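In my numbering, the protein residues as written are 189 to 239.
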């Protein structure tokens with residue numbers, strides 16, 4: 189998994205299709221305990237990053 193820095197947000201590259209993943213704000217524990225969820229708009233792949 190690659191991360192690219194752009195301003196203050198980290199952009200994730202989807203390991204499935206290679207497209208950019210965006211913040212997914214509909215997880216039940218989004219941004220709790222340092223968790224950030226991302227979803228790929230192209231293939232639907234989701235990832236949780238613990239910071």
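For each residue, glycine too, the CB sits at the ideal point set by N, CA and C. Remember, predicted model here, so these are calculated numbers, not experimental data.
A direct Cα-to-Cα measurement between residue 225 and residue 199 gives close to 11 angstroms.
Excluding residues up to 5 positions away in sequence, 226 lie with their Cβ nearer than 6 angstroms to the Cβ of residue 235 in the same chain. In the DSSP annotation of this structure, residue 231 is not part of any beta strand (DSSP E), being labelled neither H nor E.
Between residue 228 and residue 211, the CB-CB gap reaches or exceeds 8 angstroms.
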